[in-house]
Structure formats: C-alpha cells, structure tokens
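Take the sequence shown: its position 155, counted from the start at 1, is 155 in UniProt numbering, and no numbers get skipped.
From the three backbone atoms N, C-alpha and C, an ideal C-beta is built for every residue, glycine too.
The structure under discussion appears below in the form of structure tokens.
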Amino acid sequence: MLQTVSKFYSRIHASATRASPETNSRAGETRNDEADFRSSVSSEVTCSTSARIRELNEKLARTNRELLTERRRRLNTEQLLKFAEENCSAARAELSKRKLQSDELLEERTQLTSQVKRLKADCDNERMKSARVLSINGELQQQCLHWKMSNLRLLETAMQLRDELQIAHELLKYADVELSTIHSDATNDSLPHTRAAQLLNHFGVNSVTDTQLVGSSRDVFCDMTPNC
Numbered sequence: 001m002l003q004t005v006s007k008f009y010s011r012i013h014a015s016a017t018r019a020s021p022e023t024n025s026r027a028g029e030t031r032n033d034e035a036d037f038r039s040s041v042s043s044e045v046t047c048s049t050s051a052r053i054r055e056l057n058e059k060l061a062r063t064n065r066e067l068l069t070e071r072r073r074r075l076n077t078e079q080l081l082k083f084a085e086e087n088c089s090a091a092r093a094e095l096s097k098r099k100l101q102s103d104e105l106l107e108e109r110t111q112l113t114s115q116v117k118r119l120k121a122d123c124d125n126e127r128m129k130s131a132r133v134l135s136i137n138g139e140l141q142q143q144c145l146h147w148k149m150s151n152l153r154l155l156e157t158a159m160q161l162r163d164e165l166q167i168a169h170e171l172l173k174y175a176d177v178e179l180s181t182i183h184s185d186a187t188n189d190s191l192p193h194t195r196a197a198q199l200l201n202h203f204g205v206n207s208v209t210d211t212q213l214v215g216s217s218r219d220v221f222c223d224m225t226p227n228c
C-alpha cells in the first residue's frame, strides 16, 4: 500500500513539472488535494498499522502465554517421565528379584517333587512289605491253628496213654501179687498155669492197645512235621 501511494505521488510530481503555467493553478489545487489525501492516507495507514501492531502484540502475548504453558507442560512431562523412569527402574529391579525368587521356588518345587516320588516309592514298597507280612501272618495263624489242633490231639493221646499206663501199673501190681501167690502156693500145679494164661492174655490185649496208641501219636507227630 505504501508503494502504491509513493508511485502516485511521483506521477503527480512529474506531471506538474511538465505542465504549462495554466495548469499551475490546477497543480496547486492538486497539491492541496494531495496533501489532504496524504494526510488521510497517512492517518488510515497509521490506524491500520496501530491496529496491526496491537493485533501482533496480542498475538505475541498469546503466543508467549502458550509458550509458557507449553514450557510448564513440558517440565511436567519431563518430571513425569523422570518419575516413570524411576518407577520403571524400581519395577525392573523388583521384577529381577521376583524372577530370582521364582527360580528358587521352581528349584524347591523340583526337589519336593523328587522327594514326593521317593516317598511314594517307599510307601509302595512298605505297602508290598505289609501285604507280604499279612500273608505270612495268615499262614502263621493257620499253622498255629494246625499246631493247636495237633497239640490237642497229642494231649488227648497223652491222656489216653496215661490212663493206659495207670492200668498197666495196676496190672503190674496185680501180677506181682499173683506171682507172690504163685511162689507161696508151689504145691498147686494147675493154678499157676491158669494164672499165667490169664496174665498173658491180659498183657497181650494191652500190648495191642499200646501199639495202637503209639501209632496214633506217631501220626500226630507226622502231621506237625511236614518232612515226616
């Protein structure tokens, strides 16, 4: 705009220098008009420049405020980033610590798992041993029952043998009495033969009974001993 006004002034001045005296009067009027126009234009330019300057000042102030705000925001962001980095470092250290603890726990878990496996194997072995012991105990109980029955049979046989021995003892006493009677009655011949026959008959029967008792006791002993 200033360049246009200066060009306009230069044209007017050139035309005024080349004009005739008649036009000088017009030139004076033109100068007056030019002065008025220049004053009006300069005032308009001054007003527009002042408005532009105010606008630029306001814009500069607004820009400064925005810069300050942005600077504060940047400082806050930097502080937040620094705090975040510190937290990140602390979290990284805590993560490393947790990882070490996790590795230790995994190792301990592996050891406990191996111990549990060994204990399970030991329990299985003990269970098998217990089963074998129970089986052997059952067999021993059966054997003990068999031995008790055999002992009862032996006891019955012993009682029978005791009774037979008592009878034999009584018979021996009776035989002693009879023999003494025979020696005292030597004159009677038929009596000793009769008494001897009775004694031999009686002892023969008792011998058969004793043989049967001895055989039964031998059978009971064979029942108790498998290698009989």
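Fill in: Per-residue DSSP class, three states only, for ASP185
Numbered from 1 along the sequence shown, position 185 holds the residue referred to as residue 185. In this structure, ASP185 counts as coil in the three-state DSSP scheme.
Discussion item. On the CB-based measure, 16 or more other CB atoms within 10 Å of its CB, does LEU112 come out buried or exposed?
Written reply: Within the sequence shown, residue 112 is the residue found at index 112, counting from 1. LEU112 comes out exposed.
Practice prompt. Closer than 8 Å by C-beta to ASP124: which residues in its own chain qualify, once you throw out the five before and the five after it? Chain order, please.
Written response: Taking the sequence shown and counting its residues from 1, one reaches residue 124 at position 124. Cβ neighbours of ASP124 beyond the five flanking positions: none.
Practice prompt. Return the CA-CA distance between THR77 and GLU66, expressed in angstroms with no decimal places.
Written response: Translated into the one-based positions of the sequence shown, residue 77 becomes position 77. Translated into the one-based positions of the sequence shown, residue 66 becomes position 66. So the two alpha carbons sit approximately 16 Å from each other.
Discussion item. Using only the alpha-carbon positions, how far apart do LEU145 and THR181 sit?
Written reply: As a working mapping, residue 145 is identified with position 145 in the sequence shown. As a working mapping, residue 181 is identified with position 181 in the sequence shown. Each residue's Cα considered, the two are about 53 Å apart.
Discussion item. For ARG71 and LEU95, what's the separation of their Cα atoms in angstroms?
Written reply: Looking up residue 71 in the sequence shown gives position 71. Looking up residue 95 in the sequence shown gives position 95. Rounded to the nearest angstrom, the two C-alpha atoms are 35 Å apart.
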